[in-house]
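Everything on this sheet refers to the single structure shown next.
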Amino acid sequence: MSKDKENKDFEKNKNECAEAVAATPIKKTRRDFLKKATTVGTGAFVGAAALLTGSDEAEAKTTWAEWFQRNYRLMTDEEKREAVERLELRYTEEYGKKTTVDTTDAKEGVLFGYALNIQKCIGCRRCVHACVKENNQSRENTAIEWIRVIRMEKGHFLPEDMDKGSPQGLPFGKKGEEYGIQVGGNAGKPVGVVLEGQHYYEPESVPEKDAFYFPIQCMQCEKPPCVKVCPVRTTYREPDGVVVIDYNWCIGCRMCMGACPYWARRFNWGEPNLPKEDMNPKTHYLGNRPRMKGVVEKCTFCLQRTRKGRYTACVEVCPVGARKFGNLLDPNSEVSKILDRKRVFRLRADLNTYPKFFYFTD
Amino acid sequence: MFGIKKIDIDLKSIGSFAIDLFICSWKGSLRYYMWLAFLGFFIVFWIYGNYQQLSNGMIVTGLNDQVTWGIYLANFVFLVGVAAAAVTVVFPAYVYKYKPMKEVVLIGECLAIAAVIMCLLFVVNHMGRPDRSWHMFPSWLPIPYLKGIFNWPNSILTFDVVVLNVYLGLNAVCAFYYMYMKYIGKEVNKYIYIPLVFIAIVWAFSIHTVTAFLLNTMPARPMWFHSMLPIRFIITAFAAGPALIIIAFTIIKKTTKLKIKDEAINLLAQIVVWCLGIALFLTLSEVVTELYAGTEHSFSLQYLMFGMHGLNNLVIFFWFSLFAMVTSFVLLLIPQVRKNLKILPYICALAFVGIWVEKGMGLLLPGFTPSPIGEFVEYTPSIIEIFNSLGNWAIGFMVFTMLAKCAVGILTGELRYKPTLAKGED
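Read top to bottom, the protein sequences are chains A and B. If you count by the working numbering, then the first sequence holds residues 919 to 1280, one letter each, in order. If you count by the working numbering, then the second sequence holds residues 19 to 444, one letter each, in order.
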């Protein structure tokens, strides 16, 4: 698969090798223009060339300005406005639809939290697909999904497993006369909940008889290890508890990916492939705006929606109501009630990361 | 400040120094040119590889979301060790005032410079957006428009950036200052030089310690999450580094007029053998600790040593590195072998390769397998990654060769300032 990718990219690259400009959007327009320019007659060529340089200049200016752009948190309101204008223009042109880049701040008195009912989850992965659609993830090469549903196989103790798992009894006993087990067990396979499931299952229908499902995504930790290790403070916890990334500031060192114990972060290994028709034009600067190559991304609790009082895409789409979302500071919110009345747990609590993503059962 | 007055900055001699060093590093025998051409061959592929990676992104590497760090960082970690290991030359020379070593300190410093340059090249290759490197400039730096923010002191990576760059600076200042003073036929100013050397000694430990902290402060990667990592890093580095220095000394002895005393090489060989011994002991401790209980946290080590779920790319590397380290340790324990300067470089090469494998395939890569959610994914570096890595090594070796050639010229007295009128007291 990766070779295929490479070939494709090399192919793409060949066409562009005449130009040594850093940002791909420029290259694209340039190449397109060059193509056009060669097809039109000499008379029109002058006009095309003028157009080419003109457009190039605007693009180059945008890229140039973006390169000098400061970390989002340090920008003045004026700088933020300029950055947003630049992005809106760029996205609108690139995807051929009017795109808005929102910068709504966190509301005071709001701390977002999430609760997931593992008893109800049927593993249909509608949340995964809704998330991809909503949040403008790269669709292929490499496809990015922020939510992964892990299929946990139900473990069994079976009589035929009794001699497996290298059991060792008394050293001198004859076969069948060793008494008791000293080292090694009989059933050498996982039983019950262990984090050894896998997320590539493709059954004909869900739920399957011998499995249950365990969706994971960014846990929006209160003490996020990923934020601590970031050398340039590009990723940080917003006041409403969401851990965000300034995609324009990320240097792509992937320290955060090494530090995240929940495997929640994804990297844009190549230029993201987001088809024009699938692009969601309602974006947030820190949320679902289209990303560029070489930066890290992850779930943001759909802050382009939730900061406007809507549910996340995954909550909205879940057919069994396993996903609950709300304000943890509001005692009447669904999540608060769940925390109050249900048995809840957090994933890998021993790491002391204090996720705001809770699992519960009825 | 005392001593400041004594340095009279003579632009003429500095200019002549720079020109002479430049000429010296580019002029040599046919063999020298062949060596440079050999390294240049790899640099051609390096240019191609970097062009591909910069224009297409990290997709041209074999990395993925499960194994996010690969041979770039593996080489980085190893080379930080090599850079730090220059201290095995500097320490005996200045702390124990060991004369045979003092004469060749300069070569050790040159190696440190070359190794740190390689480290920086590897880090840049590892970054997804090297064009945004300026985001790491601390905001107080007096650079207009480029106001970065440095996540200091939270992020260990920021510590690493600081210690590595300062180490590079310290070694460059020490080496070039020493060379310049020798060049104009004067003694170094002790009040400036000696404190710098001692700071560099302590600093050498800091670079490898901080690099170990970079890895072992992440509970998400249980294979690294133990306090033995820093000492293991330092010990293996102090075996691999002097091993490389012994090889370099042997080549310099053979190809140049510089006399390097056998005592110096013998002392380095002693350091190699004892560090190898301790490294093996630490490996044993880790294997016993992890495998006895056999928790899920030991899966990375089990995968490395025996393979798991049918995936066993790294198994051969683990056992090769163990073989290389044990063999070189046992051989070097025998005094007749250790003191035989004909065999010694080959054993050192074996130890060097063994530790390189141990750091890369044996430590960095298995840290990512299994992933935090228990997924086993195997990573194989792509051809572009190999081009870039070989190229970085070639550049490093080229820098070291040129620096060492100048250093030898200075030490043997071939490079000397020839003013039109003698004004020095020499």
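Yeah, the Cβ is synthetic: ideal placement off N, Cα and C, and Gly gets one too.
DSSP bridge partner residues for residue i (one or two, in chain order)
i: V228(B); result: The partner list for V228(B) (beta bridge, DSSP) is empty, contrary to what the question assumes.
i: Y1131(A); result: R1069(A)
i: M1282(A); result: This structure does not reach residue 1282(A), given that chain A is present from 919 up to 1280, and the question cannot be answered.
i: Q1116(A); result: R1069(A)
i: T387(B); result: Per DSSP, none; premise fails for T387(B).
i: K1242(A); result: A1033(A)
i: V1050(A); result: For V1050(A), which the question treats as bridged, DSSP gives no partner whatsoever.
i: I1163(A); result: T1153(A)
i: F1278(A); result: N1035(A), V1262(A)
i: M1173(A); result: Looking at the DSSP assignment, M1173(A) forms no beta bridge with any residue, so it has no partner.
i: L329(B); result: M326(B)
i: R1184(A); result: E1215(A)
Classification of residue i by the beta-carbon crowding that lies within 10 angstroms, buried from 16 upward
i: E995(A); result: It is Asp, not Glu, that sits at residue 995(A) in the sequence shown. By the 10 Å Cβ count, D995(A) comes out exposed.
i: E403(B); result: buried
i: F168(B); result: buried
i: K1242(A); result: buried
i: T1017(A); result: buried
i: M52(B); result: exposed
i: E432(B); result: exposed
i: N1270(A); result: exposed
i: F56(B); result: exposed
i: P399(B); result: buried
i: G1014(A); result: exposed
i: R250(B); result: buried
i: K1211(A); result: buried
i: S316(B); result: buried
i: Y114(B); result: exposed
i: I391(B); result: buried
i: P888(A); result: For residue 888(A) there is no data in the structure shown, the boundaries of chain A being 919 and 1280.
i: V1101(A); result: exposed
i: S43(B); result: buried
i: H153(B); result: buried
i: R999(A); result: exposed
i: H479(B); result: Examination of residue 479(B) is not possible in this model, given that chain B is present from 19 through 444 alone.
i: D38(B); result: buried
i: A36(B); result: exposed
Beta-carbon contacts of residue i that lie in its chain and below 7 Å, excluding the five residues immediately before and after
i: Q70(B); result: V78, I402
i: K357(B); result: N284
i: N1167(A); result: Note that residue 1167(A) is Trp in the sequence shown here, rather than Asn. Only N989, Y990, V1150, T1152 meet the Cβ criterion.
i: C1148(A); result: M1173, C1174
i: G1027(A); result: L1247
Contacts around residue i, its chain only, beta-carbon distance under 6 Å, and the 5 residues preceding and following it disregarded
i: H144(B); result: Y90, L91
i: S31(B); result: I202, Y435
i: V417(B); result: A132, I135
i: R1207(A); result: V1019, T1201
i: A111(B); result: M119, K120, V123
i: K1038(A); result: V1238, A1240
i: F96(B); result: W374, K377
Chain D residues whose Cβ lies nearer than 8 Å to that of residue i
i: I174(B); result: In summary, chain D is missing from the structure at hand, where the protein chains are A and B.
Cβ-based neighbour list, residue i, same chain, cut-off 8 Å, excluding 5 preceding and 5 following
i: F63(B); result: F405, L408, G409
i: V305(B); result: L319, M323
i: M246(B); result: L300, S303, E304
i: R49(B); result: T273
i: C359(B); result: Strictly speaking, residue 359(B) in this sequence is Leu, with Cys absent from that position. Excluding sequence neighbours, L359(B) sits near T268, D280, I283.
Stretch-stretch touch, CB-based, cutoff 8 Å, three pairs: the segment 1018 to 1031 of chain A with the segment 1222 to 1230 of chain A: yes
Three or more C-beta pairs below 8 Å linking the segment 1160 to 1179 of chain A and the segment 189 to 207 of chain B: no
Validate contact between the segment 979 to 994 of chain A and the segment 1004 to 1011 of chain A using beta carbons, cut 8 Å, 3 pairs: yes
Three-pair Cβ contact test at 8 Å for the segment 229 to 238 of chain B versus the segment 319 to 337 of chain B: no
Contact between the segment 286 to 296 of chain B and the segment 354 to 372 of chain B (3+ Cβ pairs under 8 Å): yes
Contact the segment 95 to 112 of chain B vs the segment 255 to 266 of chain B: 3+ CB pairs below 8 Å: yes
At least three beta-carbon pairs within less than 8 Å, the segment 108 to 127 of chain B to the segment 138 to 157 of chain B: no
Length-filtered (3 minimum) beta strand (DSSP E) runs lying within the segment 1023 to 1048 of chain A: 1030 to 1035
Complete alpha helix (DSSP H) runs within the segment 111 to 190 of chain B (minimum length 4 residues, chain order): 117 to 120, 123 to 144
Inter-stretch contact at 8 Å, needing at least 3 Cβ pairs: the segment 1031 to 1040 of chain A / the segment 1252 to 1261 of chain A: yes
Complete beta strand (DSSP E) runs within the segment 977 to 1025 of chain A (minimum length 3 residues, chain order): 1018 to 1020
Length-filtered (3 minimum) beta strand (DSSP E) runs lying within the segment 1199 to 1242 of chain A: 1200 to 1202
The segment 1134 to 1149 of chain A in contact with the segment 169 to 187 of chain B per 3-pair CB rule at 8 Å: yes
In chain order, each alpha helix (DSSP H) run of at least 4 residues that lies wholly inside the segment 187 to 274 of chain B: 208 to 234, 247 to 273
Touching by the beta-carbon criterion (3+ pairs, under 8 Å), the segment 1237 to 1253 of chain A and the segment 1053 to 1071 of chain A: no
Ranges of the beta strand (DSSP E) found wholly within the segment 396 to 423 of chain B, counting only runs of at least 3: none
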